[in-house]
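Here is the structure we will look at, set down as structure tokens.
Numbering (my numbering), first residue to last: 1 to 109.
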């Protein structure tokens, strides 16, 4: 018989709960995908990494637009989106172990 453990509880508004502090019942950690931003997308957002709770790639990108504003949204129109190293579409599902990468066009010589 397989025994399942209960999900880790987090206090409201805590990104990392203090293990010494009691945790409220019924408040669970969200299953967040990791968003990775590169080159001009990273510059427009002001960060190279974030975590976003959304069920699809499109949901992750919508939340990123909301967080990072119009400059980021403009850069995003030229970017390729990958999930776990594979090309992705807005309808593709994402989960807590997934990495959504935003890759702007790159030039070089």
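Glycine is no exception: its CB is placed at the ideal position from the N, C-alpha and C atoms.
Same chain only: Cβ atoms within 8 angstroms of residue 98, ignoring 5 sequence neighbours per side: Within its own chain, the residues whose Cβ lies closer than 8 angstroms to the Cβ of residue 98, once the five positions on either side in sequence are excluded, are 33, 34, 83 and 84, listed in chain order.
Backbone CA spacing between residue 23 and residue 88 [nearest angstrom]: Because the pLDDT of residue 23 is 43, which lies under 50, any placement of that residue in the model is unreliable, and the number read from its coordinates should be weighed accordingly. Each residue's Cα considered, the two are about 37 angstroms apart.
For residue 73, the three-state DSSP class (helix, strand or coil): Residue 73 sits in a helix when the DSSP states are folded into three classes.
Cβ shell of residue 72 (< 6 angstroms), same chain only, five flanking positions each side left out: So the qualifying residues of the chain are 44 and 45.
Contacting residues, own chain, Cβ-Cβ under 7 angstroms from residue 52 (five flanking each side not counted): Result list for residue 52: 32, 33, 35, 60, 63 and 64, in chain order.
Whole-angstrom C-beta distance between residue 102 and residue 81, which should lie under 8 angstroms: About 6 angstroms separates the Cβ atoms of residue 81 and residue 102, confirming a contact at the 8 angstroms cut-off.
Close beta carbons around residue 38, own chain, < 6 angstroms, minus the five adjacent residues each side: The residues are 103.
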